[in-house]
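Just so we're aligned: the sequence shown equals residues 1 to 410 in UniProt numbering. Scroll down for the structure; my scribbles are underneath it.
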Amino acid sequence: MVKISVMEKEKQQQGIMEIPQWWTCPEGHEELQKAAHVLGEKELLPRALVSDQERKYPRESLREVAKAGYSAVTIPVEAGGLEDGFTAFAVLSEVFAQYCPSTTMCWVMHMTTAHTIYEAGTEEQRQRLLPRLQAGHVGGLAFSEKATGGHFWNVGSEAKRNESGYSLDAEKSFVTSGGEADFYLVATTSPETNDPDNLMFLLVENDQKGVEAFPFDAMGLRGNASGPMNFKEVQVSLENRIGGEGGMGYFNDNTIDPLFLLGSAACWVGIAQGALNMAINGAKRTVHADTGSSVADYQVIRHELAKAQIKIDSARSMLYRTAEAMDRCQKEGRELSECLYPLWQLKTHAADMVIDVTNAALQVSGGRGYMTGQVEKFVRDGRAGAIMGPTNEVLREWVGRTLIEVPWLD
Ligand SMILES: Cc1cc2nc3c(=O)[nH]c(=O)nc-3n(C[C@H](O)[C@H](O)[C@H](O)COP(=O)(O)OP(=O)(O)OC[C@H]3O[C@@H](n4cnc5c(N)ncnc54)[C@H](O)[C@@H]3O)c2cc1C
């Protein structure tokens with residue numbers, strides 16, 4: 001039997017409705033969600049504003065996330081991970097983003113990189129590379145190139161074969177944790193392959209000769225060092241090719257896209273909730289002396305808050321439904337690409353929603369919201385969602401093509 005606390009009972013008697021926990025947290029993840037809030041409040045929030053204002057990479061925050069054991073959350077226990085599944089990944093991303101979106105996005109990219117190494121790597125590579133995650137090493141994904149823009153699966157860069165492996169030349173347009181990560185999974189092409197899919201993944205260390213990172217000065221997510229990177233005649237040994245010489249489009253659809261779309265959608269849901277929480281608190285606290293009313297006393301404001309929360313919960317419902325489907329797929333040995341269609345819808349909706357909700361949070365917060373601080377920062381951070389690839393335009397095209405049954409890539 002569920003015990004109702006005295007405070008909850010008193011609230012109920014006053015006619016105050018409790019939000020059921022199952023509505024905001026998938027069943028079985030309540031403790032994880034609580035622990036993530038504690039970590040977020042204690043470790044991520046205090047550094048978030050400085051990270052934004054000074055464009056400071058959130059290294060200490062990421063270290064704390066790793067210390068808490070979350071640097072390999074989706075990876076099986078035998079490979080040194082927590083094996084907590086995709087729902088846990090989404091819960092953590094949603095909660096962390098309420099405190100520091102830059103840390104969250106770096107961690108989502110890191111987890112996507114790490115999971116790809118697990119899925120596509122050999123046993124030797126798993127044993128050699130994955131223990132580094134617990135030591136707090138951070139990974140980054142170097143895919144997008146200026147030449148092909150948001151079509152990040154169509155890279156034009158090349159790696160030429162040599163005696164020891166490959167000589168990599170690539171100019172990447174955006175790499176989260178660029179110059180700050182310990183290693184990168186670089187997408188390039190192999191001219192040697194007979195596979196029509198010539199996508200190839202090379203693991204490059206940050207301190208290798210020929211690796212160069214450029215600053216990232218952007219509207220939001222200012223701490224996450226997502227600037228351009230150049231890889232100039234970088235020598236990569238055969239043992240650091242992750243997967244085949246070509247043929248890696250499979251892992252793009254079955255690992256990279258599913259993890260990135262899920263983790264980033266969770267981040268947009270978290271940003272929206274973080275902004276709305278601030279707006280709610282501000283509306284309750286701000287009292288106008290002439291009317292004696294708080295901002296929250298105005299019905300029109302309560303409707304704005306309600307509309308925003310309903311939008312967040314619509315994206316959150318899609319988020320956890322899709323995460324649970326991914327967990328089921330994995331458990332039953334089916335491919336994660338089965339979940340791509342709902343993932344496209346989810347990411348598009350979450351990234352559109354965060355723009356609407358953070359805007360509403362700023363409006364409700366009035367001049368206080370417009371001032372430099374958490375609310376305006378959430379507006380700027382959340383704006384990246386629709387732009388980060390696959391962009392919302394591309395995703396809507398894929399959803400639309402699916403609806404009319406024409407190939408989604410041609
Ligand atoms: C903060 C941030 C972090 C990032 N981190 C990484 C990272 O870690 N690794 C990485 O590899 N990349 C990263 N990226 C790159 C990102 O994933 C996208 O590839 C990139 O932002 C979009 O490419 P682009 O800017 O060249 O735009 P373009 O592709 O030139 O797009 C311009 C406009 O055209 C639209 N458009 C493009 N193609 C189509 C189409 N086929 N149909 C309809 N409309 C289209 C777009 O939606 C957009 O509105 C990051 C980007 C940002 C902003």
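Heads up, the beta-carbon is just placed ideally off N, CA and C, and yes, glycines get one too.
Per DSSP, the continuous beta strand (DSSP E) segment holding V236 begins and ends at M229 to S237.
As DSSP reads the structure, R321 sits in no beta bridge. Remark: C-beta atoms of V108 and S144 do not approach each other more closely than 9 Å.
The shortest C-alpha to C-alpha distance from S173 to any of T148, E180, E158 and P196 is the one to T148. Beta-bridge annotation (DSSP): R316 is not paired with any residue. A residue is called buried once 16 or more other Cβ atoms fall within 10 Å of its Cβ, and W23, having fewer, is exposed. The alpha-carbon of W398 is positioned some 15 Å away from that of F152.
For M278, the enclosing alpha helix (DSSP H) starts and ends at D257 to R285. Distance from K311 to M353 at the Cβ level is roughly 5 Å; contact confirmed, criterion being Cβ atoms closer than 8 Å. Within the region 145–225, complete beta strand (DSSP E) segments of at least 3 residues are found at 158–161, 165–172, 183–189, 199–205 and 211–213, given in chain order.
By the C-beta criterion, the region 217–230 is judged not to be in contact with the region 81–90, since fewer than 3 inter-stretch pairs fall below 8 Å. DSSP, reduced to helix, strand and coil, places G140 within a strand of the structure shown. Here G247 has D195 and D197 as same chain residues with Cβ atoms under 6 Å from its own Cβ, once five neighbours each way along the sequence are excluded. Here P46 is exposed. Its C-beta has fewer than 16 other C-beta atoms within 10 Å. Note on geometry: alpha-carbon atoms of L340 and E324 lie some 13 Å from one another. CA-to-CA, the gap between A360 and S294 works out to about 17 Å. The region 100–118 and the region 176–192 touch, with no fewer than 3 CB-CB distances between them shorter than 8 Å.
Non-local beta-carbon contacts of A72 in its own chain, meaning distances under 7 Å to residues more than five positions away in sequence, involve G80, G81, L82, A114, L130, L133 and Q134 in chain order. Counting every other CB atom within 10 Å of its CB across the protein chains shown gives A265 a total of 16 or more, marking it as buried. Secondary structure in the region 73–107: the alpha helix (DSSP H) runs of 4 residues or longer, each lying completely within the stretch, are 85–97 in chain order. At least one heavy atom of ligand 1 is found less than 8 Å from the C-beta of E393. Ligand 1 has a heavy atom closer than 8 Å to the beta-carbon of F174. Annotation for S337: D253 and N254 place their beta carbon closer than 6 Å to its own, counting only its chain and skipping 5 residues before and after. Look at K377: its beta carbon is at least 8 Å from all of the heavy atoms in ligand 1.
Using a cutoff of 8 Å, the CB of F143 counts as near ligand 1, since one of the ligand's heavy atoms is closer than that. E43 and E64 do touch by the CB rule: their CB atoms are close to 4 Å apart, below 8 Å. The beta carbon of L362 is closer than 7 Å to those of G369, Y370, V375, E376 and V379 in its chain, skipping five residues each way along the sequence. The secondary-structure analysis by DSSP pairs S294 across a beta bridge with V287.
The C-alpha of Y70 lies about 47 Å from the C-alpha of A289. With fewer than 16 other Cβ atoms inside 10 Å of its own Cβ, Q13 counts as exposed. Counting only the Cα atoms, R396 lies some 35 Å from A283. For the pair L141 and V155, the Cα-to-Cα distance works out to about 13 Å.
Going by DSSP, K42 is part of no alpha helix (DSSP H) at all; its letter is neither H nor E. Judged by the Cβ position, K146 qualifies as a neighbour of ligand 1 at the 8 Å threshold, a heavy atom of the ligand being closer than this.
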